[in-house]
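Have a look at the structure below before the remarks.
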Amino acid sequence: MQYTSDHLHLRSRDAVKAAGFYVETFGAREVKRVGDDPVQRVVLDLGGLTMFIEQAPDEIAPATPTPCLGIEHFGLRVADIEAAMADLTARGVPVKTGITARGPGLRIAFVEGPDGALIEILERSAA
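Number 45 in the UniProt record's numbering belongs to position 45 of the sequence shown; there are no gaps in the numbering.
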């Protein structure tokens, strides 16, 4: 049996605004919107990853602070982590942890996206 990635599904109090964050900040491309007034879901392509951002009803609980069980974060790889973090900081994206080395050839940092989504920014290089 072979499995392949299909999508990442996020919920947001404002799906259109959250989608705008991923488009403006990380260069995601909006593929389509489902429903209107209000939108039910915005579909994005973020570097080959399909993201569904669903409009969440008021009764949906906010994200659990990390660290937590279940899906804790998702990672985006960059070629130059210093440049990426400088860009994100300049854009006002909240930085959760600065750049740290996590072993030979791996440096990481964490930022916060809409609705408390934790996003890892990582650079991998030959060790």
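C-beta atoms are modelled at their ideal positions from N, C-alpha and C, and glycine is treated no differently. Please read these numbers as outputs of a predicted model, since none were measured by experiment.
So what's residue i in DSSP terms, helix, strand or just coil?
i	result
G35	coil
M51	strand
A101	strand
I60	coil
L88	helix
D45	strand
A117	coil
Can you tell me where the alpha helix (DSSP H) with residue i in it begins and where it stops?
i	result
G20	A15 to F26
Within a Cβ cutoff of 8 Å, which residues of the same chain sit near residue i, ignoring the five residues on either side of it in sequence?
i	result
G98	M85 and A109
P65	G116
R124	R77, G105 and L106
T100	R107, I108 and A109
From what residue to what residue does the beta strand (DSSP E) around residue i run?
i	result
L76	F74 to R77
A109	L106 to E112
H9	L8 to S12
Would you mind giving the Cβ-Cβ distance between residue i and residue j, rounded to the nearest angstrom? I have them listed as a contact below 8 Å.
i	j	result
F26	L76	6 Å
P114	A18	4 Å
V31	V39	In fact, because the Cβ distance is near 13 Å, the residues do not count as touching under 8 Å.
Near residue i, what residues of its chain come up, given a Cβ to Cβ distance below 7 Å and the 5 sequence neighbours on each side ignored?
i	result
R91	T25
A56	R11, S12 and R13
R96	It is Lys, not Arg, that sits at residue 96 in the sequence shown. The residues are F110, V111, E112 and L118.
T89	V95
What do you reckon, is the C-beta of residue i under 7 Å from a heavy atom of the ligand FAD?
i	result
A101	Ligands are entirely absent from the displayed structure, and the ligand FAD is therefore not among its contents.
With a threshold of 6 Å on Cβ separation, who are the neighbours of residue i within its own chain once the five nearest residues in sequence on each side are excluded?
i	result
D45	R29 and V31
R102	I108
Taking 8 Å as the threshold, find out whether the region 49–65 comes into contact with the region 8–21 through three or more Cβ pairs. yes
Report yes or no: do the region 60–79 and the region 106–125 share at least 3 C-beta pairs separated by less than 8 Å? yes
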